[in-house]
Amino acid sequence: MPELVIVLGPTAVGKTDYSIGLAHEYGSPVISCDSRQIYREMKIGTAPPSAEQLAAVPHYFIGTRSVTEPYTAGKYELDALALLDELFRDHSTLVMCGGSGLYIDALCNGLDAFPDVDPQIREDLMTRLENEGLEALRFELRRLDPQTYESIDPANRQRVVRALEVCIGTGRPFSSYKTAAARERPFSIRKIGLTREREELYDRINRRVDLMMEAGLEEEARSLIPYRDLPALNTVGYRELFDCFDGKYPLEEAVRLIKRNTRHYAKKQLTYWGRDDSIEWMQL
RNA sequence: GGUGCUUGGGCCGGGAGGUUAGGCACUGGUCUGCAAAACCAGUUAGAGCGGUUCAAUUCCGCUAGGCACCU
């Protein structure tokens, strides 16, 4: 059975270099699994592989989408499965690399088949959220899908809206689509988790943010102002600069916040993978 | 040497004689289509010694540190 080797780990841990080494070893391209590096407009703030690295080893899903097309874990699952199917014809081992936990899970285990829901329904719910408040939506969710209502974090609007849009759009409870079983995949999976001493990791993050600023992150963010309300731009490094452009705080403060929020992000990634027993951890 | 002010967690900082400050930082957790998202939770104190009081981080005194001014 062909094997997929997934290199994962917190941001700035050194996944790119490691995965390129591995790709050379196996004669494989690198398949990216990163919810932000996939956008071509965000070249500096998402720390994608450099031009030289991209030239050294073919990469997939780097800069292949525009921030203007909404992309999701569900789409990634389909796109990546199709690509793997094709690549495994001439490779017995493929290297994947990325930091987006949900995308990795979607590819490995599959997401349940929730029917597509008219985007208008979400918009209506967002409007109602503003007018009637979260309480009203939670009340409705309790009526339509008590099971999800019980399991969901009641203060988490995003989840309440998501569950509700499926209930309303399909006429069936959100929970009725969930199945416990993981999907079968026609390849075996090996997950390598890269990690470092916390202090060292935070150091690397801080330094990388400084390098991004030198590389022109501010200009890049400025050029993306027209798209700032798109989900893709709700990203560390851009959010803070947008606020800075609004005059909320000086540039220096934006840089401090970018570093802080990136550290938070790294920690949350580690938390997310903490419950995945199938990861072989490797201390760098 | 003298006088006055001051001292609080890793940091900032309001209080108040009895009850949670709050914020930042840090740490832990949740997760089925926005996931670099969204959400939840936790940790650390009152410079030292003595006094007043039923009760002191809060009031008083002394000692030590800091700041300002004076000689």
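If you're matching positions, the first sequence starts at 9 in the numbering used here and goes up one per residue. Glycine included, C-beta positions come from ideal geometry on N, C-alpha and C. The structure displayed is predicted, hence computed values, not measured ones.
Discussion item. Check for me: the alpha helix (DSSP H) holding I28 runs from which residue to which?
Written reply: 23 to 34
Worksheet item: Taking the C-alpha atoms as reference points, what is the distance between R298 and L145?
Response: The requested residue 298 is not part of the displayed model; the chain covers only 9 to 292.
Practice prompt. Give a yes or no on whether the C-beta atoms belonging to I197 and M290 are separated by under 8 Å.
Written response: no
Worksheet item: On the three-pair Cβ rule with 8 Å, is the region 47 to 54 touching the region 211 to 227?
Response: yes
Discussion item. If you reduce the DSSP assignment to three classes, tell me which class E11 lands in.
Written reply: strand
Discussion item. Based on DSSP bridge pairs, tell me the residues matched to W289.
Written reply: G201
Discussion item. By the three-class DSSP mapping on this structure, what secondary structure does V103 have?
Written reply: strand
Worksheet item: Which of helix, strand or coil does DSSP assign to I52?
Response: coil
Discussion item. For V168, report the span of its alpha helix (DSSP H) as first-last.
Written reply: 165 to 178
Discussion item. So the candidates are Q277, L241, D87; which of them puts its Cα closest to the Cα of G107?
Written reply: Q277
Discussion item. Judging by CA-CA distance, which residue of V244, L12, R151, L149 is the nearest neighbour of H272?
Written reply: V244
Item to complete: Starting from S40, trace the beta strand (DSSP E) both ways and give me its first and last residue.
Response: 38 to 40
Discussion item. Using the three-state DSSP reduction, which class does R73 fall into: helix, strand or coil?
Written reply: strand
Practice prompt. Using only the heavy atoms of the ligand HEM, determine whether one of them is closer than 7 Å to the beta carbon of R44.
Written response: Summarising the ligand content, the structure contains no ligands, and the ligand HEM is consequently not present.
Item to complete: Give the DSSP-derived three-state secondary structure of Y246 in the structure shown.
Response: coil
Worksheet entry | Cβ-Cβ separation, L133 to E85 (assumed contact under 8 Å), whole Å | Contact flag wrong, Cβ pair sits at about 24 Å.
Discussion item. Judging by CA-CA distance, which residue of P194, T156, V168 is the nearest neighbour of S183?
Written reply: T156
Practice prompt. Please report the residue range of the alpha helix (DSSP H) in which S159 lies.
Written response: 154 to 159
Worksheet entry | 8 Å contact criterion, which L95 and L89 should meet: CB distance rounded | L95 to L89, Cβ: 11 Å. No contact.
Item to complete: Give the C-beta separation of C41 and Y111 to the nearest angstrom, bearing in mind that I take them to be a contact with Cβ-Cβ under 8 Å.
Response: 5 Å
Discussion item. Closer than 8 Å is the cut-off here; do at least three beta carbon pairs connect the region 20 to 39 with the region 201 to 212?
Written reply: yes
Worksheet item: Whose C-beta lies closer than 8 Å to the C-beta of C252 among residues of the same chain, with five residues either side of it excluded?
Response: P258, L259, E261, A262
Item to complete: Can you give me the start and stop residues for the alpha helix (DSSP H) that Y84 sits inside?
Response: 81 to 95
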